[in-house]
Every structure is written in C-alpha cells, then in structure tokens.
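Residue numbers (my numbering), protein chains in the order written: chain W, 235 to 497; chain B, 34 to 492.
Next up, the structure:
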C-alpha cells in the first residue's frame with residue numbers, strides 16, 4: 235500500500251481531520267518548550283558541584299521542576315517573574331524589594347497604580363505606598379530577578395546535606411526547631427541516625443501534629459533554657475542538639491560541646 | 034563512573050526480560066519496543082517482590098540477590114524456552130505502508146522529538162540530586178530504611194513519630210531505589226536517579242509498543258510524541274515521583290486487559306496480571322485502580338455473554354495479583370493506621386455527609402485540567418475527542434478503555450469529597466499527580482478514538 239501525500243493534505247475533503255490534526259499539532263508544538271526548559275536547566279547544572287546542583291534543584295525560584303504539579307507555586311512565580319521583568323527592564327537594572335512576613339513588595343516607580351496586590355506579591359510605586367508596618371519591619375534588598383530569592387527548601391536541603399557529612403555514624407539528634415521541613419529532611423539525610431523533636435514518641439503525621447508536639451512542651455523552646463535542655467536531652471542519649479540562636483540554626487555536639495555548623 | 038548504576042538497571046531489565054519470556058507463549062506478537070517496555074515492568078515487579086519477601090525473611094537488598102535471580106531465570110529460559118529466544122529479534126515492517134518522503138519526514142521529526150525529550154530529561158535527571166519534598170519525606174526515606182535493616186525487624190514501620198512518611202505505603206519504588214543503592218555501594222542522591230530515565234524510556238517504549246499492536250508506526254509515533262509532550266509527566270519522572278511507575282503499570286494492566294478482551298490470547302491476560310501486581314505494590318491508589326480494572330473486565334465479559342472467560346479473568350486479574358501481593362497486605366495490617374483511613378470512609382453515607390464539597394471539588398479540578406504549565410492542552414484535547422467520538426467511545430470495545438479512563442477520575446473525585454484533609458491544600462499537592470496516573474491510558478484512548486473515526490489526515 236502506498237500513501238499519496240496529495241490525498242493526505244487535501245484540506246477541503248477533511249476539515250474535521252484537519253481540526254483534530256491542528257489540535258494535536260498545537261499540543262506538540264507547545265510541548266517543544268520542554269527543550270528550552272530542560273535545556274536551560276541542564277546548562278545551569280552542568281559543571282556545578284553536587285551542593286550547587288541540589289541548591290538549584292531545591293529552589294522553587296530557580297528550578298521549574300520544583301513548581302511542577304503545583305498551580306499556586308506556578309502562579310506566584312509567574313507573577314513575580316512578570317513584575318520583575320517590568321521593574322528591572324528584563325533584569326538590566328536592579329529594583330528595591332521589601333520582604334515582610336509573607337509579603338514580597340516590589341518597588342517599581344513606573345507602575346501604573348500606586349499599589350497592586352498579587353498575593354503574596356505587592357507592587358508599589360514607592361515605599362511610601364506600603365503600610366508603615368511592612369516598611370518598618372521588613373528587610374530591603376536590591377534584586378534583578380526572582381532567581382535571587384532564597385528558598386526555605388533550598389536552605390533546608392543544603393544544611394541537612396552538609397551536616398550529614400559531618401555527623402558521626404552513631405549520632406542521635408534532638409531537633410529543637412519547629413520546622414516540619416527540617417524534620418523531614420534531616421530524618422532522611424541523616425538516616426540511620428535518629429532525629430527526634432520530642433523526648434517521648436508522639437504521632438507526627440502532618441504540620442498540625444508536628445506543631446502540637448512543640449505546643450505541648452513550650453518550655454524547651456525558650457533560649458534561656460538551652461543549658462537545661464542540653465542536660466535533659468544528653469541524659470536521654472542524644473549526642474547532638476539543633477537549636478536556633480540569634481536567628482541562626484546551630485548544631486551543637488553534646489559530646490564535645492562544640493558547634494558543627496550554622497545556618 | 035556510571036557503570037554500577039547502569040548495571041543495576043540492566044540487571045533489572047534482564048530479570049524482567051527473562052520473566053517476560055517465561056510468561057509469554059508467543060513473543061512474536063510484540064514489537065521490540067513493547068518487549069523492552071514490558072520487560073522493565075516485569076523486572077520491577079519480580080525484583081521488588083523478591084526483595085520484599087527476602088526482607089521479611091531478614092535479608093536486606095544486595096547485588097547478589099538480583100544476580101542470582103537473573104541467572105536462575107535465564108537458566109530456566111535457556112532450559113525450557115530456548116527456541117523462543119530468536120523471537121526477540123525485531124520483526125519486518127508488517128502493517129506499515131510505504132510512505133511518501135513527506136510522511137517519512139514527519140516520522141523522523143516525531144522520532145527526533147521523542148528521542149530529544151528523552152535525552153534532555155535524562156541529562157537533567159542524572160545531574161540533579163534528589164530534592165523533591167515527597168520523595169525525600171516518603172519514598173527515598175523508605176528506601177534507606179529498607180537498605181539498612183530488614184523490614185521484619187525495622188522499628189520504622191511502627192514508629193509513630195515517622196507516620197508523616199506513610200509507613201503503610203507500598204514498597205515497589207523504594208525497593209527499586211534500595212536495589213540501585215545496594216549496587217552502587219552508597220546512598221548517593223544523584224546516582225539513584227538512573228531509575229528516572231530508565232522508567233521514562235520504558236514508559237515511552239511500552240506506550241509505542243502497545244500502540245503498534247493496532248496502529249501503524251507513524252500513528253504510534255505520533256501519539257507517543259503527544260504523551261512525551263506532557264510537561265508534568267517529564268518533570269515528575271525526572272523527580273522520581275512514584276505516580277509515574279504507577280502510571281506505567283496502569284497503562285500495561287488496562288491496555289493488555291483491553292487487548293485480551295479482543296484477542297482472548299492468554300499472554301495478554303498474564304501480562305495484565307503482572308502489571309496489576311505492579312499497580313498494587315506501587316501506590317495505595319493502585320488498589321482502587323485494580324478494583325476498577327476488575328469491575329470493567331467482568332462487566333465487559335458479562336455484557337457480551339462470554340461467561341466462560343470469567344474464570345480465567347478472575348484467576349489472572351483477581352486471584353494472582355491478590356496472592357502475589359498478599360504478604361505485603363498481611364505485613365501492612367501490622368502497621369498502625371493513623372493517617373487517612375479511606376477504606377473506613379468509603380461508604381455512601383460518609384459521601385453524602387460531605388456532598389457539599391462536590392462543587393468545590395469539580396471547580397478546583399477544572400483549574401488542574403486546564404493548567405497549561407503542567408498539561409498544555411492535553412485535557413481539552415481529551416474533551417474534544419470525547420465530543421467527536423462519543424458514540425464510538427460508548428460502544429465496545431472502546432467502551433472498556435473509555436471507562437478505564439473515566440472511572441479513575443470519578444474515584445479521585447470521590448476521594449477528594451471524603452478526605453479528612455484541607456481540600457485546597459490536598460488538591461494543590463496531589464491533583465496533577467493523580468491525573469498523571471491515568472494520563473497514559475487517556476493517551477492510548479486518544480489513539481483508539483482517532484482510529485475509530487479516522488480523525489487524522491494520515492489515516
């Protein structure tokens with residue numbers, strides 16, 4: 235059997251077929267973006283160290299794979315990307331950004347309205363257009379692209395991977411930090427070393443039960459109780475303690491009294 | 034050096050190829066890509082089940098286990114099925130028409146597209162370490178546990194402080210990861226990702242090979258390219274998310290059952306049974322999908338009054354997968370159930386109590402179906418084809434595939450209605466992945482619908 239090309243491309247005889255073909259062709263053409271997305275990431279990852287590659291991959295601001303399958307993350311990213319492109323002329327100039335809680339305020343003097351909120355991105359003409367509380371409590375940075383944003387997951391991944399190399403094989407770690415992500419990541423990265431967030435076994439199935447563990451034993455969260463906490467967990471056989479001091483995460487060795495690393 | 038991780042995957046494939054050769058009485062019915070894809074599925078099922086049984090007996094994953102298994106299976110193949118081995122060779126052109134240069138160029142373009150996608154996804158997968166939240170919290174953690182201690186003595190499965198990692202989730206993918214790590218000799222976060230390109234290649238080979246049972250090479254390539262063009266399939270495979278192996282097994286089980294209903298050839302049924310085992314041992318959703326498969330096959334046979342086929346269907350699709358995975362389900366009974374107990378909430382009364390959630394579930398689902406970033410226009414295409422081929426889709430044999438594609442969607446909708454979690458948060462994290470589990474079956478349905486109504490210009 236021989237197929238004649240002229241029959242195949244006879245559009246008048248097959249309008250429905252062409253409609254279907256056009257729909258599939260559209261899907262395929264759009265799918266070619268995979269070459270750009272994966273290709274760009276490939277170029278970024280190439281030649282980098284293990285930690286740098288993990289850092290890029292874990293950051294939802296730097297790696298599209300981290301946003302895949304999650305609509306909200308994708309929407310927040312595209313809003314940020316769009317607004318940064320406008321504010322920085324496509325990354326040519328840097329623009330002022332104010333971070334306060336969950337709010338990311340981009341200062342763009344050329345924006346049309348004084349203030350536009352695109353949850354959690356806010357675009358303002360000037361800092362004065364922001365509520366005073368955000369300006370006073372927020373931290374300011376000059377940024378060219380959303381890729382410069384830090385990511386909690388990226389920080390947590392890096393910190394736990396780096397410490398996994400330093401922890402002795404028989405370590406037992408008490409994590410005194412109410413971060414579900416750090417608990418998940420450290421449990422995996424440091425396995426088979428045990429990681430606990432409570433001195434007794436409690437059910438931890440999600441963020442709610444995790445927070446309950448901390449809520450029910452608030453005294454150990456106090457920095458002033460650090461010494462007693464060290465004694466308490468040391469007596470229970472823990473060799474390392476993770477605490478946050480002056481805003482920095484630290485791993486304390488209860489054997490030597492030294493500090494392994496800080497974030 | 035990539036040698037060890039490559040060897041681990043090759044061993045997995047060799048085990049599967051031997052098992053496939055033993056199970057299949059007529060290898061010639063399958064093209065080489067189908068054989069490669071099916072072999073990977075058989076390999077995952079056979080090796081993971083072996084490692085699980087041995088772990089129950091106190092043995093942790095080690096390279097010698099796979100080696101002994103591969104040598105034993107190939108020994109049996111050579112002793113009993115030697116004459117079938119030449120049937121592994123690629124066959125002649127068969128159904129393929131001799132096309133004009135323009136169409137040959139189309140084939141080349143489609144092939145380059147699929148191969149190119151496979152290349153870039155593989156390259157990224159082999160450079161990026163494991164960083165995905167779910168993989169770290171659930172699947173890779175389990176793999177580390179399995180590699181460190183036999184499950185029979187492991188405290189992990191009863192540790193309430195680790196219930197976030199769902200100890201009751203099936204172990205096929207963690208055992209596959211533990212297997213690669215055991216071959217490498219370390220729990221390397223990058224090298225274990227050799228499984229990602231192997232799985233993607235096997236899925237595409239399987240999809241193409243299954244299509245080739247009924248379609249020309251050109252059309253099979255065309256629809257394989259459509260599948261390879263789904264962004265969320267590529268990203269989730271690269272990230273080693275377990276929904277992709279499940280999608281792979283669902284494709285094999287559903288489509289081979291569909292073939293069996295037409296061909297009545299025992300090979301199709303046996304392959305479907307092996308892939309049903311893979312479904313049950315990959316993710317908990319596999320249980321629901323297995324029920325759907327059973328209901329569909331029984332309904333199809335009953336409506337066509339082919340009562341005598343109910344027995345082989347019941348044995349191969351019901352009894353065999355249940356028996357093979359029985360040790361897992363018995364072991365699972367001993368794991369404290371503190372998470373979502375969907376089994377206890379499956380009743381209609383519970384559904385009716387939560388029926389007010391239905392509009393929210395439907396509304397939110399539309400956002401995911403229409404998400405360009407993850408799906409491009411895959412689901413709008415599905416709707417277009419449904420509209421254009423509705424009468425064909427509702428007639429046997431396409432009806433079977435149609436139900437196989439639609440019923441899982443209803444099941445997922447039902448689960449969202451009865452779930453104890455915050456619906457918005459749950460859908461944000463899971464909706465795209467659930468759709469992914471059945472996307473290859475939908476892709477296959479596309480091909481059947483288009484074929485039935487001759488909806489492509491090069492039909």
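Here a beta-carbon is modelled for each residue, glycine too, at the ideal position from N, C-alpha and C.
Out of B:302, B:308, B:174 and B:98, which one is the CA nearest neighbour of residue 78 of chain B? Relative to the Cα of residue 78 of chain B, the nearest Cα in the group B:302, B:308, B:174 and B:98 belongs to B:308.
Suppose contacts are defined by Cβ-Cβ distances below 8 Å. Is residue 350 of chain B in contact with residue 280 of chain B by that definition? Taking 8 Å as the Cβ cut-off, residue 350 of chain B and residue 280 of chain B do not qualify as a contacting pair.
With H, G and I counted as helix, E and B as strand and the rest as coil, what does DSSP make of residue 160 of chain B? Look at residue 160 of chain B here: in three-state DSSP terms it is coil, with no helix or strand label.
Ignore the nearest five residues each way along the sequence and tell me which others in residue 288 of chain W's own chain have a CB closer than 6 Å to its CB. The residues are 391.
Could you give the first and the last residue of the continuous beta strand (DSSP E) run that contains residue 376 of chain W? Start and end: 373 to 377.
Name the residue from B:341, B:320, B:396 and B:336 whose alpha carbon lies nearest to the alpha carbon of residue 362 of chain B. It is B:320.
Assign residue 381 of chain W to one of three DSSP states: helix, strand, or coil. Three-state DSSP puts residue 381 of chain W in a helix.
Establish whether the CB of residue 296 of chain W and some CB of chain B are separated by less than 8 Å. Not closer than 8 Å to any Cβ of chain B, the Cβ of residue 296 of chain W fails to qualify, so no.
With a threshold of 8 Å on Cβ separation, who are the neighbours of residue 236 of chain W within its own chain once the five nearest residues in sequence on each side are excluded? With a pLDDT of 48 at residue 236 of chain W, under the threshold of 50, the modelled position of this residue cannot be trusted; read the value that follows with caution. None.
Measuring from the CB of residue 292 of chain B, is there a heavy atom of the ligand GTP at a distance below 7 Å? This structure simply doesn't include the ligand GTP, nor any ligand for that matter.
Contact list for residue 357 of chain W against chain B, beta-carbon separation under 9 Å: Under the 9 Å cutoff, chain B gives no residues; its nearest Cβ is about 22 Å from residue 357 of chain W.
Using the three-state DSSP reduction, which class does residue 424 of chain B fall into: helix, strand or coil? Secondary structure at residue 424 of chain B: helix, using DSSP grouped into helix, strand and coil.
Would you say the region 60 to 73 of chain B touches the region 88 to 103 of chain B, given that touching needs at least three Cβ pairs under 8 Å? Using a Cβ-Cβ distance cut-off of 8 Å, the region 60 to 73 of chain B and the region 88 to 103 of chain B are not in contact, since fewer than three pairs of beta carbons, one from each stretch, lie closer than that value.
Residue interval of the alpha helix (DSSP H) (run including residue 287 of chain B): Here the alpha helix (DSSP H) through residue 287 of chain B covers 276 to 296.
When you compare each of B:236, B:178 and B:244 to residue 215 of chain B by their alpha carbons, which one comes out closest? The option with the nearest alpha carbon to residue 215 of chain B is B:178.
Thinking C-alpha only, which one of B:449, B:247, B:443 and B:61 is nearest residue 485 of chain B? Comparing Cα positions, the closest option is B:247.
Does the pairing of the region 443 to 458 of chain B with the region 255 to 263 of chain B give three or more beta-carbon distances under 8 Å? No, the region 443 to 458 of chain B is not in contact with the region 255 to 263 of chain B.
Taking only three categories from DSSP, how would you classify residue 349 of chain B? The three-state secondary structure of residue 349 of chain B, taken from DSSP, is helix.
Nearest residue (CA-CA) to residue 265 of chain W, options B:90, B:134 and B:265: For the set B:90, B:134 and B:265, the Cα lying nearest the Cα of residue 265 of chain W is the one of B:265.
Is the Cβ of residue 400 of chain W closer than 8 Å to any Cβ of chain B? At a cut-off of 8 Å between beta carbons, residue 400 of chain W makes no contact with chain B.
Between the beta-carbon of residue 325 of chain B and the beta-carbon of residue 444 of chain B, is there less than 8 Å? The answer is yes: Cβ separation under 8 Å.
Residues of the region 197 to 216 of chain B whose Cβ lies closer than 9 Å to any Cβ of chain W, in chain order: Hits within the stretch, in order: 197, 198 and 199.
What does residue 252 of chain W reach in chain B if we use C-beta pairs closer than 9 Å? Contact annotation for residue 252 of chain W against chain B: 490 [CB-CB distance below 9 Å, chain order].
Can you name the residues of chain B whose CB is closer than 9 Å to the CB of residue 313 of chain W? Within 9 Å Cβ-Cβ: nothing; residue 313 of chain W doesn't reach chain B, min ~13 Å.
Residue 220 of chain B in three-state terms, based on DSSP: Three-state result, residue 220 of chain B: coil.
Of the residues W:481, W:358 and W:331, the one placed nearest residue 343 of chain W, counting alpha carbons only: Nearest C-alpha to residue 343 of chain W: W:358.
Would residue 254 of chain W be called buried (16 or more neighbouring beta carbons within 10 Å of its own) or exposed? Burial state of residue 254 of chain W is buried, judged by a 10 Å Cβ sphere holding 16 or more other Cβ atoms.
Would you say the region 161 to 172 of chain B touches the region 235 to 252 of chain B, given that touching needs at least three Cβ pairs under 8 Å? Verdict: no, contact absent.
Beta-carbon within less than 6 Å of residue 239 of chain W's beta-carbon, same chain only, minus the 5 sequence neighbours each way: which residues are those? Low confidence applies to residue 239 of chain W: its pLDDT is 46, below 50, so where it sits in the model is not reliable, and the reading given next is rough at best. In its own chain, leaving out the 5 sequence neighbours on each side, no residue places its CB closer than 6 Å to the CB of residue 239 of chain W.
Need the endpoints of the alpha helix (DSSP H) that residue 444 of chain B sits in, please. Here the alpha helix (DSSP H) through residue 444 of chain B covers 431 to 451.
With DSSP collapsed to three states, give me the class of residue 370 of chain B. In the structure shown, residue 370 of chain B sits in coil (DSSP, three-state: anything other than H, G, I, E or B).
Span of the alpha helix (DSSP H), counted from its first residue to its last, around residue 395 of chain B: For residue 395 of chain B, the uninterrupted alpha helix (DSSP H) segment begins and ends at 391 to 402.
If distances are taken between C-alpha atoms only, which option among W:297, W:417, W:353 and W:272 comes closest to residue 314 of chain W? With distances taken between CA atoms, residue 314 of chain W lies nearest to W:353 out of W:297, W:417, W:353 and W:272.
Across the region 328 to 339 of chain W and the region 423 to 439 of chain B, are there enough close Cβ pairs to call them in contact, namely three or more that are closer than 8 Å? Taking 8 Å as the limit for Cβ pairs, the verdict is that the region 423 to 439 of chain B does not touch the region 328 to 339 of chain W.
Report all residues from its chain with a CB closer than 6 Å to the CB of residue 242 of chain W; omit the five preceding and five following residues, and keep chain order. Residue confidence for residue 242 of chain W is low, a pLDDT of 48 falling below 50, so the modelled location carries little weight; the figure read from the coordinates is stated next. Hits under 6 Å: none found.
Using a Cβ distance threshold of 8 Å, determine whether the region 366 to 376 of chain W contacts the region 432 to 441 of chain W, with at least three qualifying pairs required. In short, these stretches do not touch, since the Cβ pair count stays below three.
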